[in-house]
RNA sequence: GUCCCCAUCGUCUAGAGGCCUAGGACACCUCCCUUUCACGGAGGCGACCGGGGUUCGAAUCCCCGUGGGGACGCCA
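Numbering (our numbering), first residue to last: 37 to 503.
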């Protein structure tokens, strides 16, 4: 049987890191077994679902490169199917109308909670042989409830958590259709997973409690039960649960924050899953290695430091022209127009070794395109009056050479020797004058790249001021 | 409250009874490299939640605690 997995987000917000990992694992599982990965948008909550959120999810998946074989299917466009199944269940007696009002249910819940009981529907409208149902009130639009078995046990072998058994006594008759006739989540999931032939349901473990209900409905429909794999949640950097007001950010935020999708993907893959000691691997390797046996059942805390490390790795590894086009966009966002493709490539070749963030990288190389303003502290610390004679001499020597990193280095060394200085004594002021900061790659290489004219002009600026 | 899940270095994890005086990675510390900052290289610090069993032998299996999390919607 071919593997069919799905990712089924509800479009009530952006694609966050937890959802992205769920999607990644489902995607990888399908890829590993040459199966199909299906995208299904669960938009039955009309109140909270928005087209913008749908787009955000699509964008997030596209950025990560998580492509789907079928879909996106929208549940709101499948109403006819749900209604048909609902009618079948009503006819078969596995579902029934319930005329309880919301208020009635609310008081029921409250009393049960007060008595220390698990709040659940008491089955007052549940038809039973030999039981007389109350008179249906005229003013209430009924909901439809699923007639859950009252005895026995539901069990499944969770691919992540192992065997889970839940007594049917813990379950109640859940609402499958609202008073307005629209079907609810648990019901739609069941119908869709069944009809779409999903073989492995890989989802967040906040759904383990829904699983027994869904299995019971699947049984009632005579469907084959898929395998379930419940992924534990991802906690924030501080160990706290991710929520809208705390830490939960869109995966696209990582793009904005200067991360490569390769890094995010590799990081996410390694969060809750492992392959021995493997830390760095691409998606092709991941798909080959991926399995459900090596997923940790416990929650994982997000660690930005490690993401940064992976980001640094991929900034070094990625194809230079891909890197250049990304950095070009970031420079332009800062109103810097990078001239000359090969110039940018050369700069990046020099700088990518030391970067772990694309925004920082773009910022660090900005001085190649626009003259920098060093901080007052750096000027005071490095561009001292005592060093000026040496700088004067260097400027003079540099203006007469053929411009290469080697020749530049040679002249700096000459000045260092002539004035009996240490190399950094000359290199540091140069660095500040040229790059605007006290940190950069080898200054001779920087000068070489910047070009003779511009370099000499930047040095001259300080010589003029001080003389 | 009831039910369910989880528990190895600060963090992500390896570990499916002996290979474990518990391995790797991030972070941290030291040293090396060095033209500053990084990168890189070499070391170091650092964990099996507690208590009972089972067993010749337990991080691994069982039970009980404890701690954390989740679910109990006409949300998904």
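Ideal Cβ positions, reconstructed from N, Cα and C, are used throughout, including at glycine. The model shown is predicted, which means the values in this text are computed figures rather than measured ones.
Element boundaries [alpha helix (DSSP H), containing residue i]
| i | result |
| --- | --- |
| residue 482 | 479–486 |
| residue 153 | No alpha helix (DSSP H) contains residue 153, which DSSP labels as neither H nor E. |
| residue 224 | 221–231 |
| residue 364 | 356–369 |
| residue 405 | Residue 405 -> no alpha helix (DSSP H), and no H or E assigned at all. |
| residue 459 | 459–471 |
Alpha-carbon spacing of residue i relative to residue j, whole angstroms
| i | j | result |
| --- | --- | --- |
| residue 395 | residue 424 | 35 Å |
| residue 268 | residue 166 | 45 Å |
| residue 414 | residue 68 | 55 Å |
| residue 203 | residue 265 | 20 Å |
| residue 319 | residue 98 | 14 Å |
| residue 368 | residue 374 | 8 Å |
| residue 130 | residue 271 | 39 Å |
| residue 224 | residue 113 | 12 Å |
| residue 150 | residue 141 | 14 Å |
| residue 182 | residue 337 | 38 Å |
| residue 455 | residue 496 | 20 Å |
| residue 491 | residue 363 | 23 Å |
| residue 332 | residue 310 | 8 Å |
| residue 457 | residue 451 | 8 Å |
| residue 274 | residue 326 | 28 Å |
| residue 488 | residue 317 | 42 Å |
| residue 403 | residue 245 | 56 Å |
| residue 502 | residue 354 | Low local confidence applies: a pLDDT of 48 at residue 502 is under 50, so the model's placement there is unreliable, with the coordinate-based value given in what follows. Their backbone Cα atoms lie some 44 Å apart in a straight line. |
| residue 193 | residue 359 | 45 Å |
| residue 126 | residue 200 | 29 Å |
Which of helix, strand or coil DSSP assigns to residue i
| i | result |
| --- | --- |
| residue 80 | coil |
| residue 72 | strand |
| residue 449 | helix |
| residue 439 | coil |
| residue 176 | coil |
| residue 278 | coil |
| residue 211 | strand |
| residue 131 | strand |
| residue 43 | strand |
Beta-carbon proximity of residue i to residue j, cut-off 9 Å
| i | j | result |
| --- | --- | --- |
| residue 172 | residue 102 | no |
| residue 241 | residue 197 | yes |
| residue 295 | residue 78 | no |
| residue 476 | residue 441 | no |
| residue 238 | residue 65 | yes |
| residue 342 | residue 388 | no |
Cβ-based burial, residue i [other Cβ within 10 Å; buried from 16]
| i | result |
| --- | --- |
| residue 154 | exposed |
| residue 298 | buried |
| residue 438 | exposed |
| residue 234 | buried |
| residue 45 | buried |
| residue 40 | buried |
| residue 43 | buried |
| residue 407 | exposed |
| residue 55 | buried |
| residue 175 | exposed |
| residue 409 | exposed |
Residue i: first and last residue of the uninterrupted beta strand (DSSP E) it sits in
| i | result |
| --- | --- |
| residue 193 | 189–194 |
| residue 266 | 263–267 |
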